[in-house]
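Those letters in the sequence shown? Residues 253 to 502, per our numbering, in order.
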Amino acid sequence: MPHAQWIERRRGQCVARNGFSRLISAGYSRWLLSALLVAVPCSLLTASKQGGMMNCLLPAVVSGIAVFLYWSRPLERILQRSLTLRIGRFSCSGSGLVTGALLAEFLVLVLGNARSDVTFGDRGFSSVVDQLSRTSLSVACPQDPGVLVMSGHPAGRSLILEFDAARWPEQFPRDLLGDPDEVDVFVTVGRQDDWRSWPLTAGDLSGLLRSHGFQPVPVPELIDSVYQLWRRTPALARHDRQTTEAQQQR
């Protein structure tokens, strides 16, 4: 490596190392890193749920931009010199403006998602999480991977992240939700004529699970919930599969 390139590379490494050290040691770093650590997982869970959209990732994007801007000189001068922004009789310091924008991000996460995206406004969300946290069986919920993450299970597939950002198939295959034979517990979202069960209707989804030997698990807390637990019985699955094969041979 030429000497000039080596010096430039070492200089870039020093700048990156010094910038990260300054971010950790500075007082504002706690707010910036806290916003980033909260916004990223919340945005991912919200975007992966049924009905989620890519704009759910905006809080995470804004947090990341704020962290990188903190390393820039213009924002650093605003924070250090406490420049004042005046609009008529209203005045606000530069540091207060930046801090207020970061705090408003938490309000967007709490107020904007409390009833629809995060829990679908359904108290059954916490009940499902509690039920799944007690089992070590293989679990799947492609309509809402958030319940799996919150209960300590791998996130698995997400219909929204898998198809919405690319392209939904013109005709939905029967294995759209994956192979039900690979899991023991399945969580469905949505009731009859409910948009949350899209792209499959609640009836089609129930029929698909029953054909693979799943039966609904009665949970009192989920009677009026859009969430429903299904448990697979291997013997019943074999019986249903043999019946289907016999009908096809006829």
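Note that CB positions come from ideal geometry on N, CA and C, so glycine has one too. Computed from a prediction, not measured in an experiment: that's the story for all the values here.
In the three-state reduction of the DSSP assignment, P468 falls in the strand class. Beta-bridge analysis with DSSP links W482 to F438 and P468. The beta-bridge partner set that DSSP reports for A392 consists of F438.
Per the coordinates, the alpha-carbon of F320 lies some 14 Å from the alpha-carbon of L289. With 16 or more other CB atoms across the displayed protein chains lying within 10 angstroms of its CB, G465 is buried. Annotation for L297: G398 place their beta carbon closer than 6 Å to its own, counting only its chain and skipping 5 residues before and after.
In the three-state DSSP reduction, A312 falls in the helix class (H, G or I).
Cα atoms of S410 and D476: separation of roughly 24 Å, rounded to the nearest angstrom. Between S281 and the set R462, G316, P470 and V437, the nearest pair of CA atoms involves G316. Each of C308, T440 and V314 was checked against the Cα of S286, and the nearest Cα belongs to V314. When secondary structure is reduced to three states using DSSP, R409 falls in the coil class, being assigned neither helix nor strand.
Here G442 is buried, its C-beta having at least 16 other C-beta atoms within 10 Å. Burial state of S385 is exposed, judged by a 10 Å Cβ sphere holding fewer than 16 other Cβ atoms.
Rounded to the nearest whole angstrom, the C-alpha separation of F377 and R341 is 47 Å.
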